[in-house]
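Order-wise, the sequence lines are chains A and B.
Heads up: take any position in the first sequence, counting from 1, add 2, and you land on the numbering used here.
Heads up: take any position in the second sequence, counting from 1, add 35, and you land on the numbering used here.
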Amino acid sequence: MTVVTRVIPCLDVAAGRVVKGVNFLDLRDAGDPVELARRYYEQGADEVTFLDVTATVEDRATMYETVTATAEQVFIPLTVGGGVRSTEDVSRLLAVGADKVGVNSAAIARPELIGEIADRFGAQVLVLSLDIKRSARVPSGFVVTTHGGRTETELDALEWAHEVIRRGAGELLVNSIDADGTKNGYDLELVAAVRELSSVPVIASGGAGALGDFAPAVAAGADAVLAASVFHSGELTVGDVKAALRADGIAVR
Amino acid sequence: MSAVDPTVVVLDYGSGNVHSAAKALEAAGARVEVTADRAKVGAADGLVVPGVGAFAAVMAGLAAVRGGELIERRLAGGRPVLGICVGMQVLFERGIERGTDTEGLGEWPGLVDELDAPVLPHMGWNTVEAPDDSVLFEGIADERFYFVHSYAARSWTLDPIGAFAHPKVTWARHGDRFVAAAENGPLSATQFHPEKSGEPGIRLLGNWLTTL
């Protein structure tokens, strides 16, 4: 009896539509988020993640409606990230139907936010998103970025991962900015490095392009694998990915 | 279950996730209302007590709507109650989280504390070991259910009393073995989230509805 590897489709949402882009740029329309979430649920997705990529005030209200509409028909956990800056934002997202929230930039700006969320709602609601780029400027060779990878911080990604866990993060979403959108596979060294230090579940993100990309991420230590465009384009279904994992001896639901 | 769909109240006391629970119960065939209104809580065929967050915060939320008393009254009349996740944990005597020791509702003896496992929270889809006579798991005992928690009851110490039906305890394992579900007369509970466990979760809620 143990938990199985989770397969998580991620929907990047802007103005109520799913968008996709390469290295966070050049956004293109990929469909209706509620409809896509429903399709992934039927394909056997273990969770669904929504990322509000613009997180403007106007888009916010649309995002709440999307989450509520999804939660009414998709009976698996929903994570919502993007623009979460306060415990009030978390409270609002949970109230409209989110089960977990993704926090990124706001935790970098004010790390105390992590503890505030964990104390009020429990660590299990808090997915700390890490947008990570390779960089020789920091000791580990991995630096934390913000604004979808456009801005490099001074934070060493592995030190930051350690700190967010200590402060109360319940899960780490490890997104490789270098690999994101390339479809060349996950950054396995990054996944392995974070797994080695992490006492909480680790989600590998960024770079999935082919069926063979998923099992290596699990072998590198990921508890869950997240992908976006390969699912939206219809190239792969969640069922395809699970079958490939199973064929490699990895337990899935 | 009677000819008409059973009525269920999902207790509204400020804990997240109430609407997901309500929608899943509707999908399972219930007529659902999310409220803490005393009369409605008392009149419904079933009461669901969800719970997300810290043990102490859930107890405080329950206290604000006199939830303990509402649950106690229903149970005294043999009227079904289902606790989910922290809504299950608070049914035990005590919870210890991050050094905070909090008194629970005490419907069941025992302690809820942190699991001993290399990776916490226990997050994801896991199997369970249900007793053969379980009603909740009828037809779905081999399915996986969605867990997300770091704390649990690692022992069950309520012994059968006199002529009462013996409690049915379902176990799961993450590091330690822990109570994944319990069925004890009118009081049932699951540590996992049936409302987030896809079709098997809906079926479990449907199984519970048959007891109302």
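Just so you know, even glycine gets a beta-carbon here, dropped at the ideal spot from N, CA and C.
For Lys102 (chain A), which three-state DSSP category applies? Mapped onto the first sequence, residue 102 (chain A) falls at position 100. Strand.
For Lys75 (chain B), does the count of other Cβ atoms within 10 angstroms reach 16, so buried, or fall short, so exposed? If you number the second sequence from 1, residue 75 (chain B) lands on position 40. Lys75 (chain B) is exposed by the Cβ-count criterion.
Can you give me the start and stop residues for the beta strand (DSSP E) that Asn219 (chain B) sits inside? Position 184 of the second sequence, counting from 1, holds the residue named residue 219 (chain B). Unbroken beta strand (DSSP E) run through Asn219 (chain B): Asp211 to Asn219.
Within its chain, find whatever has a CB closer than 8 Å to the CB of Ile78 (chain A); leave out the 5 residues flanking it on each side and keep chain order. To locate residue 78 (chain A), count along the first sequence from 1; it is residue 76. Tyr43, Ala47, Asp48, Glu49 and Val50.
By DSSP, does Ala207 (chain B) sit in helix, in strand, or in coil? By 1-based counting over the second sequence, the position of residue 207 (chain B) is 172. It is a strand residue.
Same chain, Cβ closer than 7 Å to Ser200 (chain A), neighbours up to 5 away in sequence not counted: The sequence position of residue 200 (chain A) within the first sequence is 198, counting from 1. If we look at Ser200 (chain A) and ignore the five residues flanking it on each side, its Cβ neighbours are Ala163, Ile167 and Leu174.
Between the CA atoms of Tyr186 (chain B) and Val214 (chain B) - distance to the nearest angstrom: Here residue 214 (chain B) corresponds to residue number 179 of the second sequence, with the count starting at 1. Here residue 186 (chain B) corresponds to residue number 151 of the second sequence, with the count starting at 1. Taking the straight line joining both Cα atoms gives about 11 Å.
What does a CB cutoff of less than 6 Å around Leu228 (chain A) pick up in its chain, not counting 5 residues either side in sequence? Locating residue 228 (chain A) in the first sequence gives position 226, where the first residue counts as 1. These residues qualify, in order along the chain: Ile10, Cys12, Ile205 and Ser207.
Note the first and the last residue of the continuous alpha helix (DSSP H) segment covering His59 (chain A). Here the question's residue 59 (chain A) lines up with position 57 in the first sequence. Sequence check: residue 59 (chain A) is Val here, not His. Note, Val59 (chain A): alpha helix (DSSP H), Val59 to Ala73.
Can you list the residues of chain B that Arg255 (chain A) reaches, using a CB-CB cut of under 8 Å? Start at 1 with the first residue of the first sequence, and residue 255 (chain A) comes out as number 253. Within chain B, Trp160 and Arg179 have C-beta atoms less than 8 Å from the C-beta of Arg255 (chain A), given in sequence order.
Find the nearest neighbour of Tyr66 (chain A) within the set A:Ala17, A:Val21, A:Glu114 and A:Ser131, judged by alpha-carbon distance. Along the first sequence, read from residue 1 onward, the residue named residue 66 (chain A) stands at position 64. Checking every option, the nearest Cα to that of Tyr66 (chain A) belongs to A:Ala17.
Short check: CB of Phe182 (chain B) to CB of Phe227 (chain B), under 8 Å? Mapped onto the second sequence, residue 182 (chain B) falls at position 147. Mapped onto the second sequence, residue 227 (chain B) falls at position 192. Yes; because the gap between Cβ atoms is below 8 Å, this pair is in contact.
So, is the C-beta of Leu155 (chain B) closer than 8 Å to a C-beta in chain A? Sequence index remark: in the second sequence, residue 155 (chain B) carries index 120 (1-based). Taking Cβ atoms only, chain A reaches closer than 8 Å to Leu155 (chain B), which makes this a yes.
Let me know if Leu247 (chain B) comes out buried or exposed under the rule of 16 or more other beta-carbons within 10 Å of its beta-carbon. Against the second sequence, residue 247 (chain B) aligns to sequence position 212. Classification of Leu247 (chain B): buried, given that the 10 Å Cβ count is 16 or more.
Apart from the five residues on each side of it in sequence, which residues of its chain come closer than 8 Å, Cβ to Cβ, to Glu149 (chain B)? The sequence position of residue 149 (chain B) within the second sequence is 114, counting from 1. Within the same chain, Glu149 (chain B) has close Cβ partners Ile131, Glu132, Leu155, Ser185 and Tyr186.
To which residues of the same chain is Ser142 (chain A) closer than 8 Å at the C-beta, ignoring the five residues directly before and after it? Against the first sequence, residue 142 (chain A) aligns to sequence position 140. Here the set comprises Asp158, Ala159, Leu160, Glu161 and Ala195.
According to the neighbour-count rule (16 or more other Cβ atoms, all chains shown, within 10 Å of its Cβ), is Gln126 (chain A) buried or exposed? Here residue 126 (chain A) refers to the residue found at position 124 of the first sequence. Buried: at least 16 other Cβ atoms inside 10 Å.
For Asp194 (chain B) and Phe172 (chain B), I'd like the C-alpha separation in whole angstroms. By 1-based counting over the second sequence, the position of residue 194 (chain B) is 159. By 1-based counting over the second sequence, the position of residue 172 (chain B) is 137. If I take the Cα positions, the gap works out to 21 Å.
Is the Cβ-Cβ distance between Leu110 (chain B) and Ala71 (chain B) less than 8 Å? If you number the second sequence from 1, residue 110 (chain B) lands on position 75. If you number the second sequence from 1, residue 71 (chain B) lands on position 36. No. Outside cutoff.
If the criterion is Cβ atoms closer than 8 Å, does the pair Ala73 (chain A) and Ser55 (chain B) meet it? The count along the first sequence starts at 1 and reaches residue 73 (chain A) at position 71. The count along the second sequence starts at 1 and reaches residue 55 (chain B) at position 20. In this structure, Ser55 (chain B) lies closer than 8 Å to Ala73 (chain A) by Cβ.
From which residue to which residue does the alpha helix (DSSP H) around Pro35 (chain A) run? Here residue 35 (chain A) is taken as the residue at index 33 of the first sequence, counted from 1. Run containing Pro35 (chain A): Pro35 to Gln45, per the alpha helix (DSSP H) assignment.
Please say whether Ser107 (chain A) and Ile134 (chain A) have beta carbons closer to each other than 8 Å? Residue 134 (chain A) sits at position 132 when you count from the first residue of the first sequence. Residue 107 (chain A) sits at position 105 when you count from the first residue of the first sequence. The answer is no: Cβ separation not under 8 Å.
Along the chain, where does the beta strand (DSSP E) that runs through Asn161 (chain B) open and close? On the second sequence, residue 161 (chain B) is found 126 positions in, with the first residue counted as 1. Note, Asn161 (chain B): beta strand (DSSP E), His157 to Asn161.
What is the DSSP secondary structure of Ala224 (chain B), counted as helix, strand or coil? Locating residue 224 (chain B) in the second sequence gives position 189, counting from the first residue. Ala224 (chain B): strand per DSSP, three-state reduction.
Could you list the residues in the region 67 to 83 of chain A with a C-beta less than 7 Å from some C-beta on chain B, going in chain order? Ala73, Glu74, Phe77, Ile78 and Pro79
Hey, how far is the Cα of Asp151 (chain B) from the Cα of Trp206 (chain B)? Walking along the second sequence from the start, residue 151 (chain B) turns up at place 116. Walking along the second sequence from the start, residue 206 (chain B) turns up at place 171. A direct Cα-Cα distance of roughly 15 Å separates Asp151 (chain B) from Trp206 (chain B).
Can you list the residues of chain B that Glu173 (chain A) reaches, using a CB-CB cut of under 8 Å? Counting from 1 along the first sequence, the entry for residue 173 (chain A) is found at position 171. Simply Pro156 and Met158.
Express the C-alpha separation of Val98 (chain A) and Gly85 (chain A) in angstroms, rounding to a whole number. Taking the first residue of the first sequence as 1, we reach residue 85 (chain A) at position 83. Taking the first residue of the first sequence as 1, we reach residue 98 (chain A) at position 96. Going from the Cα of Gly85 (chain A) to the Cα of Val98 (chain A) covers about 16 Å.
CB-CB under 6 Å to Phe26 (chain A), same chain, minus the five flanking residues each way: which ones, in chain order? Here the question's residue 26 (chain A) lines up with position 24 in the first sequence. Confidence at Phe26 (chain A) is low in this model, with a pLDDT of 49, below 50, so its placement is unreliable and the value that follows should be read with caution. Within the same chain, Phe26 (chain A) has close Cβ partners Gly150 and Gly151.
For Glu234 (chain B), three-class secondary structure by DSSP: For the purposes of this step, residue 234 (chain B) is identified with residue 199 of the second sequence, where counting begins at 1. DSSP places Glu234 (chain B) in helix when its eight states are reduced to three.
On the DSSP bridge assignment, give the partners of Ile10 (chain A) in chain order. What you label residue 10 (chain A) is simply residue 8 of the first sequence in a count that begins at 1. A:Leu228.
Could you check the C-alpha separation between Arg108 (chain B) and Gly77 (chain B) for me, to the nearest Å? On the second sequence, position 73 is the one that residue 108 (chain B) refers to. On the second sequence, position 42 is the one that residue 77 (chain B) refers to. Spanning the alpha carbons of Arg108 (chain B) and Gly77 (chain B) requires a straight line of approximately 8 Å.
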